[in-house]
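*Asks:* Residue numbers (the numbering used here), protein chains in the order written: chain Y, 1 to 143; chain W, 144 to 286.
Heads up, the beta-carbon is just placed ideally off N, CA and C, and yes, glycines get one too.
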DNA sequence: TAGATTGTGGGGAAAAGTGGGGGATAAATA
DNA sequence: TATTTATCCCCCACTTTTCCCCACAATCTA
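1) Cβ closer than 9 Å: which chain W residues qualify as neighbours of residue 71 of chain Y?
2) Using the C-alpha atoms, what's the distance from residue 286 of chain W back to residue 235 of chain W?
3) For chain W, is any of its Cβ atoms less than 9 Å away from the one on residue 86 of chain Y?
4) Tell me which same chain residues have a C-beta within less than 8 Å of the C-beta of residue 66 of chain Y, skipping the five on either side of it?
5) Taking a cut of 8 Å between CB atoms, which residues from the stretch 157 to 191 of chain W lie near chain Y?
6) Below 8 Å between beta carbons is the criterion; list the residues of the stretch 241 to 265 of chain W that meet it against any residue of chain Y, in chain order.
7) Contact between the stretch 107 to 126 of chain Y and the stretch 220 to 235 of chain W is defined here as three or more beta-carbon pairs at a separation below 8 Å; is this criterion met?
8) Using alpha carbons as the reference points, say which of W:231, W:257, W:268, W:149 lies closest to residue 171 of chain W.
9) Can you give me the Cβ contacts of residue 58 of chain Y inside the same chain, cut-off strictly under 6 Å, excluding the 5 residues immediately before and after it?
10) I'd like to confirm the pairing. Which residues does DSSP put opposite residue 4 of chain Y in its beta bridges?
11) If we require 3 or more residues per run, which beta strand (DSSP E) segments fall completely within the stretch 29 to 117 of chain Y?
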């Protein structure tokens, strides 16, 4: 399970180090892709394949299915870590997530997310106030 | 499985290089045809044949079936890669997809899509904002 | 404080993409 | 039918990008 928050830099060549703690779980081969709030999702292969299977069950004749599949699959890249434990992030993803230098890597249970530091701070502070409302509607019964 | 996004140029002769990563999957012979959002679909032969079988099961007495089959089949061209790994795109398809120079080739699971770069950017940015909503309604249960 | 682990940066070889020239084949016209 | 014109491919060469390796810096640990 992925938990925690790490601050790393992405260099000029688009490389960013995966925290060693996460490498133990991910291994050397995994998948990264576009995430919904302009961040990058990092999935172990199994988890990614599971989502792909679900997406492939949707017909390409449906507009929303095409859009989301395109969004999710076109952003995807099979990663093999280099010997220093870094990911080479493809430039479309760097642009999408607006990564410049300072990045945040956070664990969210079944995946990691890579954020531009500034964007992450903004997102967090923007929903800190709403968190009470957000939580309100998550479950109907006691969890 | 086709994933990822590549930016290549189509030259004056209508040739565009297929990313080497995809060539491994496609081989030298495959099919391209009109895609739904004014892009070009690229299918391995097997996948294309499968879709054709599905289309042939639709009755030609239905107007929509006739229209879609005509759209899909009339655009189709059997491709043989040249020795540099490039496709010669027929001019009707170049016109249909509005290809000028900069193109984007994206993997969307079972096929590739070739887009004019500008058109692709517009499409993506137009649905970036909605992606959250689109994702919201794709599945009812946990996937 | 010494050693190991983790993160950062850069240089160089190999691969991939791009563009243009030329020859063969097919089509068009007189 | 002969000549011209156009089209299609193949080949070569250049440029750009990617990947792999090495080296250093910073941090943590014993």
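*Replies:* According to the data block:
1) Counting from 1 along the first chain, the entry for residue 71 of chain Y is found at position 71. Near residue 71 of chain Y (Cβ distances below 9 Å), the residues of chain W are 267, 270, 271, 274, 277, 278.
2) As a first step, residue 235 of chain W must be located in the second chain, where it is residue number 92. As a first step, residue 286 of chain W must be located in the second chain, where it is residue number 143. Using only the alpha carbons, I get a separation of about 40 Å.
3) By 1-based counting over the first chain, the position of residue 86 of chain Y is 86. No, residue 86 of chain Y does not count as interfacial toward chain W.
4) Taking the first chain and counting its residues from 1, the one referred to as residue 66 of chain Y is at position 66. Within the same chain, residue 66 of chain Y has close Cβ partners 60.
5) Cβ contacts with chain Y come from 179, 180.
6) The residues in question are 249, 250, 251, 252, 253, 256.
7) no
8) Numbered from its first residue, the second chain carries residue 171 of chain W at position 28. For residue 171 of chain W, the nearest C-alpha among the options comes from W:231.
9) Counted from its first residue, the first chain places residue 58 of chain Y at position 58. Closer than 6 Å at the Cβ level, and outside the excluded window around residue 58 of chain Y, lie 65.
10) Within the first chain, residue 4 of chain Y is the residue found at index 4, counting from 1. Note: residue 4 of chain Y sits in no beta bridge, so no partner.
11) 29 to 34, 40 to 44, 77 to 80, 86 to 88, 102 to 107, 112 to 116
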